[in-house]
Amino acid sequence: MSFLQQVDLPEGFGPFAAFRETFGFVPEIFRAQSLLPRVIEAEAELANSILFLETELSVTQKEGVLLAVALANRNSYCAAAHYERLRILGLSEQRLDGMMAASNGSTETALLDFAIRLSKRPATFGKAQIEQLRGLGFSDVQILEVILATALAAFLCTVATGLGVTPEFAPPPFQEWPEGAPVPAAENGGPYLSSITRSALDFAPFAFFRERFGFVPNVFKAQTLRPEVVEAEAYAVRKILLTEDVLTRFQKECILLVVSAVNLNTYCVAVHCEMLRNLGVSEALCDQIASDHHLAGLLPADEQMLDAALKLARQPGEFRAGDVEVLREAGFREEQILEAIVMTSLTTFLNTLQRGLGVVPDFKPRLVFPLKEVNLSHDFERPRLQTLDPEESKSEPDPDLAVIARVRGGETDAFEELVRRHGQKIYRSLMGMLGNGDEAEDALQDVFLKAFEHLEEFEGRSRFSTWLVRIAINTGIQRLRGRRDIESLESDDEEFRPRNIQIWQDDPEQSYSKEEMRSLIEREILKLPVKYRLVLILRDLEELSSLEAAGVLGLSVPALKARLIRGRLMLREALVGYFARTGTGANA
Amino acid sequence: MISCDDFMRELGSLMDDELANEIRQRLETHLAHCRTCQVIYDSTRKTLKIVTESGSFEYPEPVAEPLVQKIMGKIRSACGSD
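Those sequence lines, one after another, are chains A and B. Under our numbering, the first residue of the first sequence carries the number 9, and numbering increases by one thereafter. Under our numbering, the first residue of the second sequence carries the number 4, and numbering increases by one thereafter.
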């Protein structure tokens, strides 16, 4: 029984076969997610790498951590499941009762106390807890494994609550765990644990993060003592976050952002703001979603989804079937609701990992949680976010702003200054797209007219010149569509491999006059497929930054970079015949 | 050791100087030993230089006066101030 519909998966579905082998049955928590088999596959990989294998910590020790976290979170389903599992692993009831008793100073309870603080009272967790375990003789690998088991427990508790699965066994009695004192953030410089430096070149999960995110987040770099876990996490990110068949990537990043914000996790807020920025969302909108999504102008249904995610993360004891029903009424399908629950759980997992590892942000965060906000209260108030060094995040002022202010003040003639300043540049973009001087001049007039008419909408989030280029690109695309002279802009990028490996002349520019060279390059650029031509124009002719060009085209930065190098390689291939030394190949 | 595939994957970042030192050094080590990647790297860099210096698609001079006036004429009539 659960809140959501289920379907029958084939008998041979891999993860279910593996669960039967491990437990003798398929736990309800996984059956209840049968609408999204890819999610179950991701969870099975995580559980396998973190929990099921005998590693430096025994399975019994790790199951003990999961039981303690479930009990501290008052999660009947998970507590019953792990209690039963420990019984089957051969632990006597006496030993189990001892394990669940409040801190008694033993090594075993030190481990559990560590996990409970991390999961339930993260503000009381810091470097001192790591040092305490080290003092008791735990190695860094073992401490990493406790942190991972705690994060997995938090993940499973959130899924179980979100789905409302009923326990398969009688749950043990809940215990109260003592409160601890909050740890000042200043004492918590991390990362706390040692790690092995791995590079994107020889460690596949890092290559994957580099390719999809443009960087390898520090939270993964801090776990290289257990590389197979990082592999499972990369797999989970691929199967849960990067799929677009149920919820959109934007919706999922919003869940990551708001849940991380309510968990006061500065690191994860910084990372997911950056991810949203890579999806083309403006900095101001990211900040608004993080601080209060109700004021961000999202779709009403998406607001309700985020409300539900927050309730699940912060008030799991209050989460009921009615909360799922609200999402159904808002128009979400069963598998979309399931994915929102799993995304909330994944966020809890990542937040717990970050807190446990003490990972520092990959870049300077713009939003931080002031220390006084980090308290033990469990009430459901949105913490206040503080902007960090607002002056620093601004680069040089846009030289066009003064002129724009005059135009807005009614001085229409001042607009002429903007036409003179940017006309040449905008013409170049249009000409590169359209390839015809008369049409480019015609389009140039359209662009400036549109810019004038919509000047009120220019909010200064990008430079004015970049805003103009965006209008030019859209105008050019419209005209190309009108001529039916455009291939799909959205299709997947195909692989492009250089074929002609002839050595080039030392100074290819010397062989042709400037005029000949220019017309040759123009002709070959115009032969490129439009999507590659656009990135080449923006990056190599207009010299926009990758971030600006990605914003103009609505692409992620990694996708933009991939297209750019393909475009350059295609152009190189087209030019080999003109610039190669005669009779020279790489193998010659 | 890194392969030619690895090299091609990183080529864009290498050209735009967006790599960590450690990775750049490893790519350079590969380049020193791989003739094919050397040729591709060299010719792609030359392509980029030729493109950026070609003046492609540029308007021959600052946008000509008649065109500026045509644009401003349209704008003035759009806001009815002429």
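Note that beta-carbon positions come from the ideal geometry of N, C-alpha and C, so glycine has one too.
Closer than 7 Å, Cβ to Cβ, to anything on chain A: give me those residues from the segment 46-70 of chain B, in chain order.
Result list: Ser46, Thr47, Lys49, Thr50, Leu51, Ile53, Val54, Thr55, Ser57, Gly58, Ser59, Phe60, Glu61, Tyr62, Pro65, Val66 and Leu70.
Which same chain residues, not among the five before or five after Phe460/A, have their C-beta less than 7 Å away from its C-beta?
Phe423, listed in sequence order.
Give the interface partners of Val427/A over in chain B, defined as CB-CB distance under 9 Å, in chain order.
Correct list: Val66, Leu70, Val71, Ile74, Met75 and Ile78.
Within chain A, the residues that Leu34/B reaches when beta carbons sit closer than 9 Å
Simply none; closest approach about 12 Å.
Beta-carbon proximity of Phe258/A to Leu287/A, cut-off 8 Å
Yes; because the gap between Cβ atoms is below 8 Å, this pair is in contact.
My output table needs one value for Thr63/A: the three-state DSSP class, helix, strand or coil.
Note: Thr63/A maps to coil in three-state DSSP.
For a contact meaning CB atoms closer than 8 Å, what does Arg29/B contact in chain A?
Those are Ser207 and Leu209, listed as they occur along chain A.
Could you give the residue range of the alpha helix (DSSP H) that holds Gln89/B?
Residue 89/B lies beyond the residue range present for chain B, which begins at 4 and ends at 85; the question has no answer from this structure.
For Ser473/A, count neighbouring C-beta atoms within 10 Å of its own C-beta (all shown protein chains included) and say buried if the count is 16 or more, exposed if not.
By the 10 Å Cβ count, Ser473/A comes out buried.
With DSSP as the reference, label Gly205/A as helix, strand or coil.
According to the sequence displayed, residue 205/A carries Thr and not Gly. Coil.
With a threshold of 8 Å between beta-carbons, can Asp20/B be considered close to chain A, or not?
No - not a single Cβ of chain A is within 8 Å of the one on Asp20/B.
For chain B, find out if any of its Cβ atoms is closer than 8 Å to the Cβ of Arg541/A; answer yes or no.
With 8 Å as the cut-off, Arg541/A does not count as an interface residue toward chain B.
Can you check whether the C-beta of Asp315/A is within less than 8 Å of a C-beta belonging to chain B?
By this cut-off, Asp315/A is not an interface position.
Leaving out the 5 sequence neighbours to the left and right, which residues in its chain are closer than 8 Å to Leu171/A when beta-carbon positions are compared?
Ser10, Phe11, Leu12, Ile37, Ala40, Gln41, Leu346 and Ile349.
To the nearest angstrom, how far is it from the Cα of Ile58/A to the Cα of Val237/A?
Using only the alpha carbons, I get a separation of about 6 Å.
Express the C-alpha separation of Gln102/A and Asp8/B in angstroms, rounding to a whole number.
Near 58 Å, if we compare the C-alpha coordinates of Gln102/A and Asp8/B.
Do Leu94/A and Thr68/A have their C-beta atoms closer together than 8 Å?
Yes, Cβ-Cβ distance for Leu94/A and Thr68/A is below 8 Å.
How is the alpha helix (DSSP H) around Ile509/A delimited, first residue to last?
First-last for Ile509/A: undefined, no H or E at that position.
When the Cα of Leu438/A is compared with those of Arg505/A, Thr360/A and Glu550/A, which residue comes out closest?
Among Arg505/A, Thr360/A and Glu550/A, the Cα nearest to that of Leu438/A belongs to Glu550/A.
Quick check on this structure: which residue in Asn81/A, Pro199/A and Val267/A has the alpha carbon closest to the alpha carbon of Gln362/A?
The shortest CA-to-CA distance from Gln362/A to any of Asn81/A, Pro199/A and Val267/A is the one to Pro199/A.
Inside the segment 400-467 of chain A only - alpha helix (DSSP H) runs reaching at least 4 residues:
DSSP runs (the alpha helix (DSSP H)) wholly in the segment 400-467 of chain A: 409-416, 423-442 and 445-461.
Could you pull out every residue in the same chain whose Cβ sits closer than 8 Å to the Cβ of Leu14/B, ignoring the five residues on either side in sequence?
Only Ile43, Tyr44 and Thr47 meet the Cβ criterion.
Close-in-space but distant-in-sequence residues of the same chain around Leu463/A (CB under 7 Å, 5 per side omitted):
So the qualifying residues of the chain are Ile412, Val415 and Arg416.
Bridge partners of Ala35/B, per DSSP?
Per DSSP, none; premise fails for Ala35/B.
Could you name the residues of chain B that Trp512/A contacts, counting a contact when the two beta carbons are closer than 7 Å?
The answer, in chain order, is Asp45, Ser46 and Lys49.
With Gln432/A and Glu61/B assumed to form a contact (beta carbons below 8 Å), what rounded beta-carbon distance in angstroms separates them?
Going by Cβ atoms, the distance from Gln432/A to Glu61/B rounds to 7 Å, so yes, they are a contact pair.
If you draw a straight line from the alpha carbon of Leu579/A to that of Tyr520/A, how long is it in whole angstroms?
Between Leu579/A and Tyr520/A, the C-alpha separation is close to 17 Å.
Specify the secondary structure class of Thr590/A as computed by DSSP and reduced to three states.
Thr590/A carries a strand assignment under DSSP once its states are collapsed to helix, strand and coil.
Buried or exposed, going by whether 16 or more other CB atoms sit within 10 Å of the CB of Asn359/A?
The Cβ neighbour count for Asn359/A, taken over all protein chains shown within 10 Å, is at least 16; the residue is labelled buried.
Thinking just about the alpha-carbon of each residue, which of Pro130/A, Cys281/A, Ala338/A and Gln344/A is nearest to the one in Leu272/A?
Closest option to Leu272/A, Cα to Cα, is Pro130/A.
If the criterion is Cβ atoms closer than 8 Å, does the pair Cys294/A and Leu284/A meet it?
Judged by beta-carbon spacing, Leu284/A lies within the 8 Å limit of Cys294/A, meaning their Cβ atoms are closer than that value.
Cβ shell of Leu74/A (< 8 Å), same chain only, five flanking positions each side left out:
Excluding positions up to five away in sequence, the list reads Leu59, Cys86, His90, Ala157, Leu160, Ala161 and Leu164.
To which residues of the same chain is Cys281/A closer than 6 Å at the C-beta, ignoring the five residues directly before and after it?
Once the five neighbours on either side are set aside, the close Cβ partners of Cys281/A are Cys294.
Kindly list the residues whose CB is nearer than 8 Å to the CB of Arg589/A, restricted to its own chain and excluding five residues on each side of it in sequence; keep chain order.
Taking Arg589/A as the centre and dropping the five residues before and after it, the same chain places the C-beta of Gln510, Ile511, Trp512 and Gln513 closer than 8 Å to its C-beta, in chain order.
Whole angstroms are fine: how far does the CA of Leu314/A sit from the CA of Pro391/A?
Low per-residue confidence applies at Pro391/A: pLDDT is 40, beneath 50, and the placement is therefore not dependable, though the value from the model is reported in the following sentence. Looking at the two C-alpha atoms, the distance is approximately 16 Å.
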